[in-house]
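What follows is a short report on a single structure.
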Amino acid sequence: MGNAYSLMAATPSVSETLQQNRKIKGRVVDVNNEPMIGVSVLEKGTTNGVITDFDGNFTLDVRGNSAVLVCSYIGYITAEIQVGNQTDIYVQMSEDVKTIDEVVVIGYGTTTKKELTGSVTSIGRDDFKAGNISNPIQLLQGQIAGLNIARPDGADPTGGFEIQLRGLTTMKGGSGPLIVIDGVEGGNLANLNANDIESIDVLKDGSAAAIYGTRGTNGVILVTTRKGKPGHSLIEFSSYWTTQSVTRKPEFLSADEFRSTLKEYLPNQAATLDYGASTDWFDEVTRDTPLSQYYSLAASGGSEKLTYRGNISWHDDKGIVRNSGNKQLRMRFNVSQTALNDRLKLDYNISYSTAKKNFSGYEVMKQAVTRNPTEPVYDTEGRTPISGGYYYNDGPFKYYNPVAMQNESTNETLDHEFSGSVHASLKIIDPLKINALASLVETNTRNGYYQTQYYPIDFGTNGRATSTNSLSSSKQFEVNADFNHSFGDHKIQAIAGYSYYDYWNERYYGMNYGYDTDIFSFYNMGAGSALSAGKASLTSNKQSNKLISFFGRVMYNFSDKYLLSASVRYEGSSRFGANNKWGTFPAVSLGWRITQEEFMKKFRWLDDLKLRAGFGVTGNQDIDNYQSLSLLTFGSRFLYDGKWTSTVYPNSNPNPDLKWEKKEEFNVGLDFSVLKGRLIGTIDYYVRHTKDLLNSYTVPVPPNLYDTMFANVGQINNSGIEISLGASPVVTKDFTWNLNLTFARNTNKLASFSNNEYAMVQMNTGYFSEDLKTYTQRIVEDEPIGNFYGPKWLGFDANGDNIFEDLDDDGKLSDGDNQVIGNAYPDFTFSIQNSFSYKNFDLSFLFRGSVGNDVLNMSRLYYEGFSYFGSNNILKSTLDHPEYKGGAIYSSRFIEDGSFVKLDNLTLGYNVPLKGKVISKMRIYVTGQNLLTLTKYKGMDPEVHLAGLEPGIEWYTFYPRTKTYLLGLNITF
């Protein structure tokens with residue numbers, strides 16, 4: 003037995019033979035038998051692998067005949083090869099066409115990326131940024147070239163966003179893009195949970211957006227929500243917790259600095275203006291580390307005939323300023339069903355959201371940064387019993403204790419929105435189907451405001467309450483026929499349809515004061531004594547508008563090489579005059595996939611190259627209702643026949659010729675993919691002419707009823723270039739690096755805003771209503787919009803007086819010295835996004851920037867100087883020029899370079915490896931938002947108001963910007 007045992011131990015078994023390491027070699031080629039460089043060749047189940055050389059060759063030691071090789075390369079389908087007894091292996095890899103065949107949502111349908119002829123940018127769930135997302139529009143910030151998103155209210159959780167695509171195109175119309183959520187137009191993204199979104203597609207140029215007619219001028223954002231998938235039911239839980247800190251406090255004098263400055267510059271008033279305390283008013287009205295939280299629970303699944311997905315989420319977003327916050331409950335349920343042997347498909351989408359917003363108020367922050375820091379918060383000596391224990395000063399600081407303003411007032415808004423839609427699609431015959439959509443969206447917004455008897459403004463009113471209630475409803479019905487047929491080298495897609503949109507709004511407002519108790523706040527409006535005294539107020543109104551449209555589009559594809567798309571929309575709007583209710587909005591675009599030509603076959607490194615060109619006409623009907631009519635308003639009352647009778651008079655002129663603004667846009671673009679998708683990119687150049695601008699003009703009375711007329715006059719020209727690049731510099735088994743870059747430049751000019759009937763020499767904007775009473779911007783023909791206009795500041799003289807450039811040589815500061823001293827719009831914007839993954843770890847960060855935009859620093863204009871010192875605190879920078887004793891004068895001194903680079907988002911995540919059957923995925927991540935800002939701007943933040951005719955002005959925006967720190971958890975069961 004011993005000898006036999008030794009013989010068996012010394013002789014290898016068949017199994018052991020199969021597991022012995024041996025060297026193999028091979029070559030990897032594409033479908034054209036061209037060698038593929040840099041293909042990852044890995045022995046499956048191990049970390050043993052190599053990369054193919056310049057000729058596509060590789061050599062690898064493997065563990066016997068049972069080894070399996072995994073060959074992977076970006077843009078290609080992964081191949082697996084059983085080694086067996088082969089020593090020389092030949093691998094042919096097929097291109098993964100999902101990149102160019104990726105589905106892109108366009109108006110009333112879809113197409114593929116390779117067939118796209120308009121300028122459309124798409125981002126999916128994998129592209130979404132992590133973070134404290136109060137509005138899904140934040141997902142797009144820094145991701146799409148030419149789309150500028152600003153949050154001028156700082157980190158206020160109740161604040162909104164300004165969105166501008168490809169520059170300013172209007173004078174008095176709306177400037178934001180149309181939002182379409184699952185086909186329902188006019189959606190509110192703030193009421194949509196970002197976790198419910200599958201993809202977002204942005205129609206940027208006229209040829210893509212013209213299918214939406216009078217609402218397409220400012221672009222269209224198409225949002226597709228997530229649907230359930232057949233198979234095993236999934237439960238997804240997501241949560242994150244955030245806190246924040248102020249990025250930059252306004253640098254006003256501290257209490258000690260205020261005292262020393264009083265003694266030096268106002269020695270005669272130092273004793274009376276020093277109240278003995280040391281109060282940091284900014285700290286008093288802000289939270290140290292507010293904790294916000296978000297929870298989301300979703301369930302999805304279904305069968306081949308019916309799928310579902312439901313989600314409920316709760317978001318408690320606490321602001322850095324006390325009393326500010328936003329609590330949101332959002333629910334959505336999507337069901338998809340097929341019937342009649344899959345010829346009928348039904349989609350049901352239902353959503354409900356409610357938000358409770360608490361406002362701290364603009365005036366609170368303004369008072370907090372400018373109030374005398376030597377005043378105490380509370381009156382410990384009982385000097386003014388009517389103040390409720392707060393320090394009350396009947397001197398220059400009367401009425402403005404910001405802590406009292408916060409504690410003794412309530413400003414609360416409740417928003418409710420219900421949205422329901424049904425989409426049906428019936429296949430009549432194979433190439434033809436009929437689609438129909440019906441939707442209803444109803445909103446109810448109630449704002450309640452209450453000031454107690456101790457509120458430091460309006461002492462003696464014994465409480466003041468206001469209540470505003472707004473109800474609105476929109477109905478949409480659409481039906482279209484969709485034809486899609488391919489034969490030979492030809493592919494035709496055609497659609498023709500009808501759309502009806504009906505909207506109405508009711509608004510009620512009430513005000514009362516003089517309450518016996520503050521207990522009931524604004525919930526007992528009628529209890530105030532002002533009602534019986536005839537001093538309360540009550541108003542109400544109702545408005546409505548309608549749109550009726552007929553639309554069609556034809557898309558033709560010949561041999562995946564030559565592409566054509568043509569569309570038209572004929573639309574009527576109730577907002578315009580009797581002579582111009584209807585308008586026609588055509589568009590046409592062409593595409594040439596150059597890489598499909600025979601002469602391009604030799605360029606193997608070039609995967610796809612497509613040239614696009616398009617022209618489209620869109621409109622803008624985003625104005626107030628009834629602007630084409632003569633509206634009446636109530637005036638004073640008079641005694642007639644023993645009764646008091648109200649007078650009524652016109653406050654607008656009728657204009658039966660009023661019509662939509664019309665934008666004509668030409669766009670040429672280039673899409674390319676290089677090295678099997680390692681580098682992809684898009685370049686677009688556009689020229690826009692927006693005509694028939696809507697604006698108000700002064701007219702004589704008589705013959706007119708009123709002294710202004712709302713009319714269509716003038717033209718704005720825009721042009722620009724946009725570049726988007728995506729690269730995958732490194733792709734290995736364990737490590738990947740993806741890089742995305744965007745660049746956008748836009749220039750605008752007001753070509754005209756006068757004609758033979760209505761004339762305007764210039765338009766002054768950016769008016770200071772306080773003290774200075776001056777305009778800061780001017781719009782004139784043949785110049786860009788956004789120009790700051792005023793005297794050019796040259797410095798101080800020896801006496802501490804301002805020196806200005808004297809253009810008219812009259813020896814004094816006058817209107818003749820005003821000139822262009824800056825422009826609010828940037829020369830260009832950009833973003834750089836990197837994402838890295840190593841095994842189960844991932845790291846991503848996004849920088850975005852703006853270059854060349856100027857900002858008017860209003861805070862410096864008012865508070866950098868001694869004009870208001872003594873009745874206000876002042877900025878520390880005042881002491882940099884102690885020689886200047888003059889008053890505040892608007893000039894180029896306060897126009898600053900607002901260029902910036904921001905580290906907008908930084909996320910580090912870990913995907914937990916799991917082997918259990920209950921939890922299939924778990925991800926933990928940390929995120930920082932707004933972590934770094936590089937700028938020369940001296941104010942709190944260079945991102946100020948962008949939209950409208952007064953861009954680039956910091957209107958006392960003292961609500962602070964914050965850095966946000968987030969810990970998140972995602973679990974899939």
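With my numbering applied, the sequence shown covers 3 to 975. Note that CB positions come from ideal geometry on N, CA and C, so glycine has one too.
Query	Result
Verify whether the separation of the beta carbon atoms of N932 and K878 is less than 9 Å.	no
Quick check on the burial criterion: 16 or more other C-beta atoms within 10 angstroms. Buried or exposed for P658?	exposed
To the nearest angstrom, how far is the alpha carbon of G169 from that of W957?	21 Å
Could you compute how far the alpha carbon of G189 sits from the alpha carbon of I181?	5 Å
Using the rule of at least 16 other Cβ atoms within 10 Å of the residue's Cβ for burial, across every protein chain shown, is T519 buried or exposed?	exposed
Pairing CB atoms from the stretch 267 to 284 with CB atoms from the stretch 193 to 212, are three or more of them under 8 Å?	no
Going by Cα to Cα distance, which pick from V287, L141, G888 is closest to F960?	V287
May I ask you to report which of helix, strand or coil DSSP gives A426?	strand
Is DSSP giving E667 helix, strand or coil here?	strand
Please classify A580 as buried or exposed, where buried requires at least 16 other C-beta atoms within 10 Å of its C-beta.	exposed
How would you call T54, buried or exposed, if buried means at least 16 neighbouring beta carbons within 10 angstroms?	buried
Report yes if the C-beta distance between G230 and T309 is below 9 Å; otherwise report no.	yes
Would you mind sorting D978 into buried or exposed? The rule is 16 or more other CB atoms within 10 Å of its CB.	Absent from the structure is residue 978, since the part of the chain shown begins at 3 and ends at 975.
Looking at K751 and I718, is the spacing between their C-beta atoms short of 9 Å?	yes
Is the stretch 210 to 217 touching the stretch 571 to 585, taking contact as three or more C-beta pairs under 8 Å?	yes
Check the C-beta distance from Q94 over to V33 and give it rounded, since I have them as a contact under 8 Å.	7 Å
What's the call for T647, buried or exposed, on a 16-neighbour Cβ count within 10 Å?	exposed
Residues bridged to R509 by DSSP?	S472, N543
Quick one: Cα of N801 to Cα of S756, how far?	46 Å
Quick check: the Cα distance between R747 and G516, rounded to an integer number of angstroms?	56 Å
Specify the secondary structure class of F163 as computed by DSSP and reduced to three states.	coil
Using three-state DSSP, classify V822 as helix, strand or coil.	strand
What is the rounded straight-line gap between the Cα of P884 and the Cα of F871?	13 Å
Enumerated in chain order, which unbroken segments of the beta strand (DSSP E) with a length of 3 residues or greater are wholly contained in the stretch 26 to 72?	42 to 45, 51 to 53, 59 to 65
Report buried or exposed for V41, applying the criterion of at least 16 other Cβ atoms within 10 angstroms of its Cβ.	buried
Measure the alpha-carbon distance for N2 versus P588 and round it to whole angstroms.	In the structure displayed, the chain extends from 3 to 975; residue 2 sits before or after that span and is not available.
Compare the beta carbon distance of N842 and Y927 with 9 Å and say whether it is the shorter of the two.	no
To test your reading of the DSSP string, which unbroken beta strand (DSSP E) runs of 3 or more residues are found completely within the stretch 706 to 783?	710 to 714, 717 to 733, 737 to 754, 765 to 769, 777 to 781
Taking all protein chains shown into account, do 16 or more other C-beta atoms lie within 10 angstroms of the C-beta of E383, making it buried, or fewer, making it exposed?	exposed
Roughly how far, in whole angstroms, is the beta-carbon of V70 from the beta-carbon of T80, given that I think they are within contact range, below 8 Å?	12 Å between Cβ atoms; not a contact.
Could you tell me whether the Cβ atoms of I322 and V222 are closer together than 9 Å?	no
May I have the straight-line CA-CA distance separating Q764 from R324, to the nearest angstrom?	43 Å
Among residues of its own chain, excluding the 5 on either side of N543, which ones have a beta-carbon nearer than 7 Å to its beta-carbon?	R509
Taking the beta carbon of F617 as the centre, do at least 16 other beta carbons fall within 10 Å, making it buried, or is it exposed?	buried
Identify which residue in L681, G512, S534 has its Cα closest to the Cα of F524.	G512
Could you confirm whether any beta carbon from chain B is found closer than 9 Å to the beta carbon of I787?	Of the chains in the structure shown, none is chain B; there is only one protein chain.
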